[in-house]
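See below for the structure under consideration.
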Amino acid sequence: MNPQLEHQDNTFLRYMAKKISELCEQQRYVTSMVDEIHLKPFFDYKGGTIAGIALNNAQAANSAFVFMVHSLMCKFKELAHIVPVHEGNGEFLHNVLGDVIRGLKKLGIK
Numbered sequence: 111m112n113p114q115l116e117h118q119d120n121t122f123l124r125y126m127a128k129k130i131s132e133l134c135e136q137q138r139y140v141t142s143m144v145d146e147i148h149l150k151p152f153f154d155y156k157g158g159t160i161a162g163i164a165l166n167n168a169q170a171a172n173s174a175f176v177f178m179v180h181s182l183m184c185k186f187k188e189l190a191h192i193v194p195v196h197e198g199n200g201e202f203l204h205n206v207l208g209d210v211i212r213g214l215k216k217l218g219i220k
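FYI, the numbering for the sequence shown is 111 to 220, going by the numbering used here.
As structure tokens, this is what we get:
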């Protein structure tokens, strides 16, 4: 999926919404974790779309910010969002992290 489309409201954190629905209120207290993974930058044409595009510009992604959540009250640990980037910086990471946290709060995560 195109990262620009995945980061829009109608698809943003859709996977997490399904996973969170299985948790009771007490289990929705989580810590968030962020990691950066390095990627081999290339474009790939799959199913009518081009994969490998960075969210922060039109170049091929050479790394990805990975956002995860881990419940404080149970063993729930899940990937929340992946953002492919090309030379991401602190300001961009700060903005995306804010988007992810606000999105998780809308879903009922505390």
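Every residue, glycine too, gets a C-beta built ideally from N, C-alpha and C. Computed from a predicted structure; not experimentally measured.
#1: Comparing alpha-carbon positions, which option in Phe186, Val195, Phe175 and Cys184 lies nearest Val210?
#2: Measure the Cβ-Cβ separation of Val140 and Phe177 and say whether it is below 8 Å.
#3: Is the separation between the beta-carbon of Ile130 and that of Leu217 shorter than 8 Å?
#4: Would you kindly work out how many angstroms separate the C-alpha atoms of Leu123 and Leu182, rounded to a whole number?
#5: Can you check whether the CB of Leu165 is closer than 8 Å to the CB of Ala190?
With the structure as the only source:
#1: Phe175
#2: no
#3: yes
#4: 20 Å
#5: no
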